[in-house]
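Here's the structure we're looking at; comments come further down.
Chains as they are written, first to last, in full-length UniProt numbering: chain D, 1 to 688; chain U, 1 to 376.
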């Protein structure tokens with residue numbers, strides 16, 4: 001017992017005794033009687049006696065407000081009618097179960113109110129005066145188990161209704177055609193109350209349950225299989241909400257997702273670190289700690305970058321390895337920031353980042369512009385990839401201007417070359433390009449305007465991003481099918497649950513809806529949807545539960561009722577279970593080749609990038625080539641800068657794919673070979 | 001492979017007795033044994049004396065006229081299907097039988113016509129020079145491939161896939177933990193799966209730092225297990241760079257100059273380099289590289305034009321003897337005029353790529369444009 005002092009022992013011994021009025025000292029006694037009348041006044045509508053109130057006050061350090069909260073939580077309001085109603089129920093309850101069932105049917109509302117609150121049972125044992133009704137309330141809870149039979153409309157969706165609503169016909173509905181049953185809960189209610197359906201339900205439930213099927217003929221078994229075909233998962237939103245209002249609320253704060261790209265060591269992570277720090281999302285305490293750590297490793301200039309570069313590998317090597325995504329919220333707008341690696345080995349990760357963005361922020365090191373802009377550098381490759389993946393707007397930050405003495409000449413020269421490349425070679429619209437001089441390390445012109453750039457009159461980076469956010473269309477097509485590509489997976493402690501995160505490509509989703517995950521075609525129910533973000537000026541990361549999530553948002557979906565979660569990988573596509581995406585092994589695409597050193601031959605293996613995943617693939621057929629001189633030749637190889645219609649075969653796995661016509665972003669691919677991007681394609685057709 | 005006995009007649013017919021020793025030998029035999037050859041070997045067969053008897057499994061010696069040969073490189077199993085050519089006390093003549101070729105078991109092969117290619121196959125696989133065997137791990141975060149590369153084959157021994165959570169701003173512990181576990185799994189597999197004493201080199205190939213991390217992991221495990229032989233073979237491990245962790249990263253790494261020294265004189269590296277040169281020439285489009293049978297045939301007709309003829313073993317595997325003869329004739333012509341002939345193994349990546357590209361190609365000594373023009 002040496003390790004414990006008397007206090008510890010005392011606490012354990014008195015655990016059950018709790019509050020003892022006589023043991024209070026004078027001070028506490030005064031406080032108690034000071035606070036008691038106030039609390040009594042507040043709590044007069046609650047079924048709680050004086051002694052309990054005293055105890056609650058004592059345990060809340062005599063704070064009236066806190067005590068009242070506890071009262072509200074643990075005790076019920078007094079409703080005379082309800083109590084009599086329940087008493088009546090209890091007496092009938094003893095008469096038999098059938099009588100009870102009938103009664104429950106009539107009083108569903110009260111039943112709801114009396115639903116057990118978690119604290120109830122515990123409180124019963126602890127407080128000196130358990131309510132007289134607790135016993136009765138418990139008895140009336142028993143019929144709960146039979147509720148689904150009796151109560152039709154107000155219940156959350158249950159197995160019973162699923163079988164009805166997810167008929168095979170709606171399951172087989174065509175790719176990207178919304179099921180006939182709308183996702184809006186309002187019309188759905190009318191469906192439920194439809195008398196035909198109610199009859200069907202009754203008929204179905206008269207049939208023997210699964211347990212009664214032990215002895216039956218084969219034909220009966222076949223019939224049963226048919227019924228079971230739609231998986232028994234809820235396909236209805238959990239809650240009925242006003243979708244228009246919810247969407248309007250979301251759209252009042254539009255979200256812009258941007259990826260920061262650029263050659264290695266141009267200062268992308270530092271720039272983002274600076275942005276987060278100056279916006280107050282990373283507090284000075286955190287930065288101070290990082291500064292100390294980076295000093296200790298002799299890399300003091302990396303402290304801002306370490307906000308995004310978390311892993312040990314990234315810190316010791318001084319390069320970003322993988323993308324890092326973070327969401328911020330200003331008073332009027334929302335942003336999703338994606339940091340991407342610049343090293344050429346990590347272009348795959350950068351492609352992943354670009355596929356989740358609306359806008360690219362191209363960061364350029366003013367001090368060593370040439371090395372990044374050469375053919376060996378990543379500046380051009382990154383821009384080419386961004387354009388190929390459908391990014392039409394670009395903010396170009398000319399960074400590290402402090403190193404070149406804030407020279408306007410340097411700035412202008414770089415802007416000209418980049419603009420020329422973007423407009424002439426990549427066919428960007430000059431109106432969609434914004435150029436901003438910055439110093440991420442010192443913080444000039446990132447959030448705060450710089451005094452050292454008298455010749456510059458344009459916006460700061462943050463202002464430019466706010467402008468872009470306003471300029472980009474945020475119109476969401478509500479009728480578009482729900483499609484989300486999984487970018488990350490976190491395991492849950494339960495074996496049938498999984499948290500998947502990603503950006504919603506199109507459509508809307510609500511908790512309670514059932515989804516299908518391609519290519520494994522696993523089925524699951526969305527249990528909850530949350531968005532992780534930090535508000536400007538606060539270093540707290542919020543995880544907000546959503547009633548609804550829409551196109552363009554970065555969400556975490558908690559999936560449950562998964563048969564086998566091992567089959568789910570990053571890069572898989574989540575759709576509504578009524579709109580299954582069949583995976584394919586081959587597809588036809590229009591391929592634009594970049595400047596390459598080796599031709600693409602029929603049979604040439606390469607790595608195909610598509611929305612965050614890479615798959616080894618090969619060129620399986622060349623259908624037609626438009627050669628440099630314009631005439632089409634029949635050949636089995638493709639050379640630099642040619643455009644061809646080809647068939648690509650995926651080598652190791654099947655993938656869910658959509659054509660460019662179905663989704664202008666998801667229908668794009670980039671191919672790389674031997675560490676170089678060799679071409680970009682648009683999926684024209686899936687080959688089964 | 002061991003050559004026990006050989007006898008050839010003047011008409012080029014004859015027989016050899018061989019003892020296969022490893023998977024590599026089976027691949028050679030797969031390419032050597034053709035339809036209508038005769039194979040004599042010991043094999044098991046279920047024999048029923050009369051219809052009512054229980055079948056008895058017996059070891060007997062049979063001579064088969066070959067109809068087909070199956071080979072699964074990953075399982076190292078080869079089956080020869082054919083009909084018996086002579087009467088056996090338990091097996092009537094002309095019965096179908098499928099025999100599995102076993103290691104260290106002598107068998108005799110009779111061919112009506114031993115051409116140069118076939119003789120070459122036997123000579124090469126029976127030479128006493130040590131065969132280069134290389135182990136390779138191609139990896140990136142979350143996926144790793146363990147391969148064994150022999151003279152004629154690249155065999156995928158195992159593939160590990162693990163999803164690794166992404167790093168998060170403020171917390172990357174889940175990522176770090178999963179990555180460490182992944183590296184440990186791969187390192188364990190390397191130690192258990194590779195016969196490190198037998199291998200010449202073990203390549204660790206990845207983009208970024210993953211291969212280096214794996215290297216460190218393997219030897220931290222070796223030290224903690226006090227695995228002396230593993231620590232001693234530290235010099236066999238070579239860390240190399242590729243742009244991807246998929247299998248194609250292996251070929252990319254093999255082309256790197258720093259590995260050429262270590263792997264010089266290995267066939268797989270030679271073919272990988274040749275194919276790369278061919279691709280480069282093709283891209284230049286100056287008429288020095290051609291593929292496809294008609295183009296290659298025309299190039300060979302220009303005596304002395306061909307520097308290197310590249311052809312896959314699949315083309316020689318043709319059941320049509322005339323076809324096979326035609327290809328053999330081509331190789332002989334090229335050799336006659338001082339050209340080099342390289343036979344690509346279709347079990348290597350380069351051979352597979354050549355196969356997709358008609359299976360036959362040439363690099364010329366000087367540009368010859370318009371070999372593909374059809375009007376002549």
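Think of the CB as a built atom: it goes at the ideal place given N, C-alpha and C, for glycine as much as any other residue.
What do you reckon, are the CB atoms on residue i and residue j nearer than 8 Å?
i	j	result
residue 330 (chain D)	residue 536 (chain D)	yes
residue 345 (chain U)	residue 153 (chain U)	yes
residue 210 (chain U)	residue 139 (chain U)	yes
residue 268 (chain D)	residue 363 (chain D)	yes
residue 311 (chain D)	residue 339 (chain D)	no
residue 165 (chain U)	residue 178 (chain U)	yes
residue 259 (chain D)	residue 390 (chain D)	no
residue 276 (chain U)	residue 255 (chain U)	yes
residue 187 (chain U)	residue 218 (chain U)	yes
residue 691 (chain D)	residue 266 (chain D)	In the structure displayed, chain D extends from 1 to 688; residue 691 (chain D) sits before or after that span and is not available.
residue 562 (chain D)	residue 497 (chain D)	yes
residue 150 (chain U)	residue 24 (chain U)	yes
Reducing DSSP to helix, strand and coil, say where residue i ends up.
i	result
residue 326 (chain D)	strand
residue 305 (chain U)	coil
residue 1 (chain U)	coil
residue 273 (chain U)	helix
residue 550 (chain D)	strand
residue 352 (chain U)	helix
residue 505 (chain D)	strand
residue 32 (chain D)	helix
residue 369 (chain D)	helix
residue 533 (chain D)	strand
residue 669 (chain D)	strand
residue 236 (chain D)	coil
residue 215 (chain U)	helix
residue 310 (chain U)	strand
residue 598 (chain D)	coil
residue 375 (chain D)	coil
Tell me whether residue i is buried or exposed, calling it buried when 16 or more other Cβ atoms sit within 10 Å of its Cβ.
i	result
residue 362 (chain U)	buried
residue 297 (chain D)	exposed
residue 103 (chain U)	exposed
residue 366 (chain U)	exposed
residue 192 (chain U)	exposed
residue 134 (chain U)	buried
residue 313 (chain U)	buried
residue 61 (chain D)	exposed
residue 48 (chain D)	buried
residue 87 (chain U)	exposed
residue 213 (chain U)	buried
residue 529 (chain D)	buried
Kindly indicate if chain A contains any beta-carbon less than 8 Å away from that of residue i.
i	result
residue 589 (chain D)	Absent from the structure is chain A; the protein chains it does hold are D and U.
Every unbroken beta strand (DSSP E) within the segment 421-467 of chain D, with a cutoff of 3 residues, ordered by chain
433-437
Are the segment 54-61 of chain U and the segment 76-96 of chain U touching by the rule of at least three beta carbon pairs closer than 8 Å?
yes
Are the segment 597-610 of chain D and the segment 662-675 of chain D in contact at 8 Å, needing three or more beta carbon pairs?
yes
Which whole runs of the beta strand (DSSP E) in the UniProt domain "eRF1/Pelota-like N-terminal" (1-127) of chain U are 3 residues long or more, in chain order?
2-8, 14-19, 38-47, 56-72, 77-84, 96-101, 107-111
Cβ contact check for the segment 582-601 of chain D and the segment 616-623 of chain D: 3 or more pairs under 8 Å
yes
Are the segment 496-506 of chain D and the segment 546-555 of chain D in contact at 8 Å, needing three or more beta carbon pairs?
yes
Between the segment 110-119 of chain U and the segment 45-55 of chain U, do at least 3 Cβ pairs fall closer than 8 Å?
no
Please specify which runs of the beta strand (DSSP E), each continuous and at least 3 residues long, are wholly inside the segment 168-211 of chain U, giving them in chain order.
201-206
Should the segment 652-664 of chain D be regarded as contacting the segment 674-685 of chain D, the criterion being three or more beta carbon pairs within less than 8 Å?
yes
I'd like to know if the segment 366-380 of chain D and the segment 576-587 of chain D are in contact, where contact means that at least 3 CB-CB pairs between them fall below 8 Å.
Cβ pair count under 8 Å is below three, so no.
Does the segment 417-428 of chain D come into contact with the segment 460-473 of chain D, if we say contact requires no fewer than three beta-carbon pairs (one atom in each stretch) closer than 8 Å?
no
Extract the residue ranges of the alpha helix (DSSP H) inside the segment 341-368 of chain D, only unbroken runs of 4 or more that lie entirely within it.
Counting only runs of 4 or more residues that sit fully inside the segment 341-368 of chain D, the alpha helix (DSSP H) segments are 347-354, in chain order.
Could you tell me whether the segment 309-324 of chain U touches the segment 341-360 of chain U, where touching means 3 or more Cβ pairs closer than 8 Å?
yes
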